[in-house]
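To keep things clear, I will list the structure first and then write my remarks on it.
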Amino acid sequence: METEAEYVYPHPARDRLLRTADRLFYAEGIKAVGVERVLSEAKAAKASMYSNFGSKSELVRAYLSKRSTDWRHVVESRLEADGVGDPEDQILMVFDLLGEWFQTPDYRGCPFINAAAECGSEPAVVEVTATHRAWVRSLFGDLLKRAGARDIETTADKLSLLYDGAMVAAQLDGTAEPAQRARETAELLVGAALGS
Numbered sequence: 096m097e098t099e100a101e102y103v104y105p106h107p108a109r110d111r112l113l114r115t116a117d118r119l120f121y122a123e124g125i126k127a128v129g130v131e132r133v134l135s136e137a138k139a140a141k142a143s144m145y146s147n148f149g150s151k152s153e154l155v156r157a158y159l160s161k162r163s164t165d166w167r168h169v170v171e172s173r174l175e176a177d178g179v180g181d182p183e184d185q186i187l188m189v190f191d192l193l194g195e196w197f198q199t200p201d202y203r204g205c206p207f208i209n210a211a212a213e214c215g216s217e218p219a220v221v222e223v224t225a226t227h228r229a230w231v232r233s234l235f236g237d238l239l240k241r242a243g244a245r246d247i248e249t250t251a252d253k254l255s256l257l258y259d260g261a262m263v264a265a266q267l268d269g270t271a272e273p274a275q276r277a278r279e280t281a282e283l284l285v286g287a288a289l290g291s
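Numbering (our numbering), first residue to last: 96 to 291.
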């Protein structure tokens with residue numbers, strides 16, 4: 096019979112490897128961290144790495160996919176929470192969430208922008224990054240549609256640009272202030288799209 100620990104963690108080596116890769120890749124960069132370092136810090140055998148992921152490239156894919164899933168969960172949970180206002184307020188709330196993230200001690204920029212800068216031609220990075228960015232645009236587009244905005248596609252692209260720019264500026268400047276500036280600009284864009 097399985098114990099609770101075995102049920103909750105069916106692949107403990109995989110979990111340790113992914114948690115370790117997430118921490119190291121985000122803090123130090125994908126190219127700077129070798130497989131041996133991940134194995135050592137995860138206390139996992141090389142066989143575990145290759146049976147669970149097959150290659151470093153697939154470990155990178157899993158790392159980025161987890162980052163995307165985790166962030167989507169944060170955003171979608173907040174959007175679904177009681178007391179969150181109309182779609183216009185929800186758009187602005189996305190920038191508030193960025194500001195909260197920028198204030199965390201381990202903030203080191205957008206993991207997708209960082210990965211693309213380091214290894215943008217690797218298929219795993221290209222695919223997961225494209226999927227994540229499509230979700231961001233879709234998130235803004237859906238909220239704009241619900242709000243009754245005009246020119247949804249262009250406005251969603253502009254909001255995505257603000258979103259990306261805020262992450263880069265926060266990383267380079269070491270401050271959460273870009274989230275507030277992006278929020279203020281987003282409010283103007285949304286107001287224009289709504290004709291207010």
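Backbone N, C-alpha and C fix where the C-beta goes; we use that ideal spot for every residue, glycine too. Predicted model only: the values in this text are computed from it and were never measured.
Rounded C-alpha distance that separates residue i from residue j
i: I186; j: E171; result: 12 Å
i: E123; j: R245; result: 42 Å
i: K253; j: L284; result: 8 Å
i: L134; j: P206; result: 21 Å
i: K141; j: T115; result: 14 Å
i: P218; j: M188; result: 32 Å
i: V220; j: E175; result: 29 Å
i: Y121; j: S143; result: 22 Å
i: A139; j: E248; result: 46 Å
i: K126; j: E282; result: 38 Å
i: E183; j: R132; result: 45 Å
i: A108; j: A242; result: 46 Å
i: E136; j: T164; result: 24 Å
i: T280; j: G149; result: 44 Å
Proximity of residue i and residue j at Cβ, strictly below 8 Å
i: L113; j: Y145; result: no
i: Q266; j: G204; result: yes
i: A288; j: L257; result: no
i: D117; j: K161; result: yes
i: R232; j: A251; result: yes
i: V130; j: L119; result: no
i: V169; j: L193; result: no
i: W230; j: R167; result: yes
- Message: Tell me whether the segment 152-171 and the segment 236-243 touch, counting them as touching only if at least three CB pairs, one residue from each stretch, are closer than 8 Å.
- Response: no
- Three or more C-beta pairs below 8 Å linking the segment 194-207 and the segment 269-278: yes
- Query: Does the count of Cβ pairs from the segment 221-236 and the segment 203-213 closer than 8 Å reach three?
  - Reply: yes
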